[in-house]
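In the working numbering, the protein residues as written are 1271 to 1352. Heads up, the beta-carbon is just placed ideally off N, CA and C, and yes, glycines get one too. Each remark here refers to the structure printed beneath this line.
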C-alpha cells in the first residue's frame, strides 16, 4: 500500500496558495485551484503524486480522508466484478 499526505500552504509575498504532497520518496507542490473545493484540490495533488511515482491509476482505487494536518491518501488494487 502506498500513502501520500497533502496539506494546504497559504500564499506568501512571492507565491500563491498551494497544496503540498509528501510521500516516502518525494514531494511536490501544486497550485491551489480556487475553482475546486478543498477536498478536490487535495485529491488532485495526490493523484499527481501517484502518477509521478509511475502508477497506472486505471487499476487502482484511491481512498482519502482528513487528518489533523491535512489529508491522507492511499491506493489499493481495484476489486474485480467477478
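Quick check on the burial criterion: 16 or more other C-beta atoms within 10 angstroms. Buried or exposed for residue i?
i, result
"residue 1276", "buried"
"residue 1343", "buried"
"residue 1309", "exposed"
Classify residue i as helix, strand or coil using the three-state DSSP reduction.
i, result
"residue 1273", "strand"
"residue 1334", "strand"
"residue 1298", "strand"
"residue 1290", "strand"
"residue 1342", "strand"
Given residue i, which residues of its chain have a CB within under 8 Å of its CB, disregarding the five upstream and five downstream residues?
i, result
"residue 1347", "1329, 1330 and 1331"
"residue 1295", "1323"
Tell me which residues share the same chain as residue i and place their Cβ nearer than 6 Å to its Cβ, disregarding the 5 neighbours each side in the sequence.
i, result
"residue 1252", "Shown here, the chain extends from 1271 to 1352; a query on residue 1252 therefore has no answer."
Is the beta carbon of residue i less than 7 Å from the beta carbon of residue j?
i, j, result
"residue 1316", "residue 1298", "no"
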